[in-house]
Each structure stands twice: as C-alpha cells, then as structure tokens.
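Under our numbering, the first residue of the sequence shown carries the number 16, and numbering increases by one thereafter. No residue lacks a Cβ here, since even glycine has one placed at the ideal position from N, Cα and C. What you are looking at is a predicted structure, and each value in this text was computed from that prediction instead of being measured.
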Amino acid sequence: MKPTFHHFPVNGIFEDPVVYLRFLRQRRAFLFDAGDVSALSSREINKITDLFITHTHIDHFIGFDRILRLLLRRELPLRVYGPEGIIDAVKGKLRGYAWNVISEYPLQIIVHEVIKETIIIEKFSASERFEPVNHGEMACKGIILKEDDIQMRVAVLEHDIPVLAFALEENEHINIDKARLLEKGLSVGPWLSDFKDAVRKGHWHREFHLNNRLYRTIDLMDIAIITEGQKVSYVMDVSPAEDNIERIIELVKGSHTLYIECYFLQEDFPRAIERRHLTAEIAGRIARDASVREIVPLHISPKYRDLPERVLDEAQQAFRH
C-alpha cells in the first residue's frame, strides 16, 4: 500500500496535542486540534484546508489565531469542524479583532458545529468583516466529511462538555497491473480513471469500448490491484466512562494509527475520573479491543514529566496483552 498522506504529532507528549496530516502530491493538509502550533511552518499552515477541533479548552484552540493570521490572504476556504459551541468560539475569536481594512481579503471560514445528529453551518468572510452568515443545517449520521477517496467519521463524547473524536478513513487503493493490461492487448489511457471509478462504486456492468471490443468492469477485474486504505484516529480529553469507551472503540476500530490521550497512570484513576481524562491503561485497552495496529500516546499530564516511560509502558502493556 503506497500511502497518500503522512501524519505526525506537532508537539511533545507533555505539550498541547496537535496532529498534522499532509496529503502527498496535493497542496492540502488536515489539522487535528489547534493548541500550540508554533512548531508548524508558515508553509505547512498554508496547506491546512480542514481543521478538526475536539473542544475549545485553551490547549486545543489557542493556535487558531496564528492559523487565521497566516491564511487571511488565501482564496481557498478554511473548513472548521467542532463540537457544540464551536461557532460561538470562532465568532468570539473573530470579534476580538478590528477588520475595517480587509475588505479585499478573500478568506472564508466555514464552521461546522456537530450537535448529536445535526451539523449547523455558518460562514465567516473577510470581505464582510467576518460577520456570520447562517448556511443552514444538515443531518449527521456519524460522517462529517465525505469525498471520493476519504471520509471523516466522528463520535460525540463527554469531558464535562461535549467533545469530538475523529477517524479519517481512506478508500481502497486501486492500481493497475501493467503486465495483465499488456496481456489483454490494452493500453494505458484516460479510460483507466473511469475503470477505477467503476470499481470503487461497484458498477460492475459499466461498459468500455476498447480495441473494437466491448468490456464490462467485471471482465477487467484481473487488471485491478486492490489494497486497503489507511485509517487514522484521534481521541483527546474524554471521561473514562463506559459509554465513552464503547463509542471510542466503535469509532477507531481497525485503525492503522490511533492518537489517543494517556493523561494519567491507572494508579491515579480516581483523579482521572475527577478530571475526566483517560488513563494510559484504559487507552491501551481501547486500542487492543478496537484491533488498532499502532497506538501513539499523547497529552500526558505534566505531573509525570520525570517518568514518561511509566506512562508509555502502561499504555503499551495494556495494548499488547
């Protein structure tokens, strides 16, 4: 499987949790949470098209201002997805500044607020001094973004306030076996894009007129090499309640990579309940029960700064046993 995107944590395990996901061969990136983003270059920030916010505690949202400043002159809109209250949070950020000299700036910010099974959408345009315009509502059945090759799943969780967890799923990769293609006497051409589209959509009887012969999709399946796509999930700041854990497992099931908070050690479980955070052991068990391939612990309490190995080991032990 050739990856179509790369991803990495922006900060250390004791710092603000932020994950940057860059699409290869595209000028595009996703950002999960927007805490301290000072480690990202201006070029990296300018690639961000979609911003996924778990909640608006300061360590998850303070970097929005830097992103805003760098994108002001960009024509491509910024889409923001967040939990209940995200529209007011963005509105508050924007109203903290005077915008009387930016009417020629092109930036638009389109905010998607996820409330249970509904998404409320508002648009803020620099040309209108970022005054909000309501763009209506849409149903949300667990998917907040769907494109030809990817979709973003979401779960609404609890951290004393609503928070979101995200799972980016990539569709299967469809490549062409050139040797098989030649064996059939067929040549590379634009028709292969249509063929891949038919395979992806399950249109097995779509017709292709090639070399004076009629083929259907199903007749050509031996030239297709199909491999699974990536799945990357991101879970931060959630109460260790059973209903939360069940929703997380369902969301992240089968992830190639799971970025997940490991805020406390299991020995401090009473504190984890009080502060509504996961322990490293619970995070590891979630990854194990969800058949995750790789767990990446993030967002560890500073109280463990002198013993990070204990936290990381606890997560890995629970994950592997």
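Environment of ALA154 [buried if 16+ CB atoms lie within 10 Å]: exposed
Helix, strand or coil at ASP4 [DSSP, three-state]: What is shown of the chain runs 16 to 336, which leaves residue 4 out entirely.
Opening and closing residue of the alpha helix (DSSP H) in which PRO285 lies: 284-290
In this structure, what does DSSP give as the bridge partners for GLY97? GLU128
For MET236, count neighbouring Cβ atoms within 10 angstroms of its own Cβ and tell me buried if that reaches 16, exposed if not. exposed
So for THR232, helix, strand or coil by DSSP? helix
In three-state DSSP terms, what is LYS268? coil
What residues in its chain sit with their C-beta under 7 Å from that of TYR35, if we drop five residues either side in the sequence? Around TYR35: HIS22, PHE23, VAL25, ALA44, LEU46, LEU55 and GLU59.
If you follow the beta strand (DSSP E) that ARG168 is part of, which residue opens it and which one closes it? 165-173
Can you tell me whether ASP86 is helix, strand or coil according to DSSP? Reading off the sequence shown, one finds Leu at residue 86, where the question assumed Asp. Looking at LEU86 - three-state DSSP - the assignment turns out to be helix.
Mind checking whether ALA295 and PRO323 have CB atoms under 8 Å apart? no
Extent of the continuous alpha helix (DSSP H) run through GLU329: 323-335
Find the nearest neighbour of PRO255 within the set SER248, HIS220, ILE124 and GLU173, judged by alpha-carbon distance. Of the candidates SER248, HIS220, ILE124 and GLU173, the one whose C-alpha sits nearest the C-alpha of PRO255 is GLU173.
Going by DSSP in three states, TYR112 sits in which element: helix, strand or coil? Coil at TYR112, not helix or strand.
Thinking HIS271 and LYS246 are a contact (beta carbons under 8 Å), I'd like their distance in whole angstroms, please. 5 Å
Exposed or buried, which one is HIS224 when buried takes at least 16 other CB atoms within 10 Å? exposed
Inter-residue Cα distance where the pair is ASP258 and ILE264: 10 Å
Who are the near neighbours of ASP164 in its chain, counting only those whose CB is closer than 8 Å to its CB and skipping five residues on each side? THR19, GLU185, ASN186 and GLY244
Less than 8 Å between the beta carbons of ARG320 and PHE76, yes or no? Not closer than 8 Å, so no.
How is GLU257 classed by DSSP in three states: helix, strand or coil? helix
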